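Residue numbers (this note's numbering): 39 to 362. Where a beta carbon is used, it is the ideal one built from N, C-alpha and C, also for glycine. These numbers come from a predicted model, not from an experiment. Just below is one structure, and these are the notes that go with it.
So, in structure tokens, the structure goes:
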């Protein structure tokens, strides 16, 4: 069975020059690498031999590659624009070298929304990418702000999804909830909280009424939303109507949201997501190199799935939604 993993990351020399690691991030990346058995920073920088060797060893046929967090979202426009273009051009080169093994999500300089929309179009039309990944807030600003909506408009026009990926929560949230406890601000908890709230801000702002065909992808089994979506709807559907939204929150989740499995290797959580979202709305992802391909594929192979749903999640949904 073909395996397509759609949240697999890479970095660039410009990224490593510009993104400064603080003491905890350095500890996290080092200790996480020791835990899962490889050098994360080294593997992020590899778009050839080591990456392909590891994919082959564990049965991953194709990776949809994305510029790693915080991507271009962590920078002002004058730095974000060349950073995103450089990342996209490097990824396109890797895709040309290995056309059956790599596909791509565009990095976007969201600090300059019109330039971001144009870069998305360049990546889709000229570089043959299949969507974009946006790493959360843009220096503390969320995508519900209408100045960012040209990106939504272009994604809908091009019929490509936006993968909304976590990054470190905004500074105000860090201070309020995580100051002194950075270990829970990141992948363990804060990433999911920040990303799920960001998605809900987009939903309640009316983005899906304005762009009804827009598709958003959330990783890590939906950042907790499948578990809570019915309670969310029960307590907000009247408020959504009062706000002027055309549909209920639950309708938007069902119509406009897809989720991936990336880095959430807990079968009860997967079963909840499967029951809540349905097999047609779940895509396979591992989160290399922050997660091990070995761990992800062992989890996938042990899941209690029928053959039809297994094929959908393994590759058919990605082929359909990303046009692979």
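Please work out which residues of its chain come closer than 8 Å, Cβ to Cβ, to residue i, disregarding the five sequence neighbours upstream and downstream, and give them in chain order.
i: residue 80; result: 88
i: residue 275; result: 286, 287, 288
DSSP state of residue i, grouped into three classes?
i: residue 316; result: coil
i: residue 296; result: strand
i: residue 215; result: helix
i: residue 353; result: helix
i: residue 333; result: helix
i: residue 321; result: strand
i: residue 90; result: helix
i: residue 202; result: strand
i: residue 48; result: strand
i: residue 42; result: strand
i: residue 302; result: coil
i: residue 339; result: helix
i: residue 85; result: coil
i: residue 209; result: helix
i: residue 193; result: helix
i: residue 307; result: helix
i: residue 71; result: helix
i: residue 345; result: helix
i: residue 326; result: coil
Could you please give me the residues that DSSP links to residue i through a beta bridge?
i: residue 144; result: 170
i: residue 162; result: Answer is none; residue 162 lacks a bridge partner.
i: residue 176; result: 179
From residue i to residue j, what distance separates their C-alpha atoms?
i: residue 136; j: residue 272; result: 47 Å
i: residue 97; j: residue 342; result: 19 Å
i: residue 206; j: residue 138; result: 33 Å
i: residue 200; j: residue 73; result: 31 Å
i: residue 347; j: residue 309; result: 12 Å
i: residue 59; j: residue 291; result: 35 Å
i: residue 109; j: residue 183; result: 19 Å
i: residue 339; j: residue 93; result: 15 Å
i: residue 61; j: residue 67; result: 10 Å
i: residue 249; j: residue 69; result: 42 Å
i: residue 284; j: residue 151; result: 26 Å
i: residue 265; j: residue 122; result: 34 Å
i: residue 85; j: residue 226; result: 27 Å
i: residue 279; j: residue 311; result: 26 Å
i: residue 363; j: residue 344; result: Residue 363 cannot be examined here, being either before or after the span of the chain that is shown, 39 to 362.
i: residue 13; j: residue 171; result: Outside the shown range of the chain, which is 39 to 362, sits residue 13, and nothing can be said about it.
i: residue 163; j: residue 218; result: 45 Å
Near residue i, what residues of its chain come up, given a Cβ to Cβ distance below 6 Å and the 5 sequence neighbours on each side ignored?
i: residue 262; result: 230, 234
i: residue 176; result: 111, 148, 149
i: residue 105; result: 125, 145
i: residue 208; result: 175, 178
i: residue 337; result: 303
i: residue 332; result: 96
i: residue 103; result: 46, 48, 129, 140, 142
i: residue 220; result: 62
i: residue 325; result: 45, 300, 301
i: residue 269; result: none
i: residue 181; result: 240
Excluding sequence positions up to five away, which residues of its chain have a Cβ less than 7 Å from the Cβ of residue i?
i: residue 154; result: 146, 147, 148, 189
i: residue 107; result: 173, 203, 204, 205
i: residue 222; result: 216, 228
**Entirely enclosed beta strand (DSSP E) segments - the segment 219-288, minimum 3 residues** = 254-256
**Request:** Pick out the complete beta strand (DSSP E) segments inside the segment 92-158, 3 residues or longer, and give them in chain order.
**Result:** 100-105, 140-142
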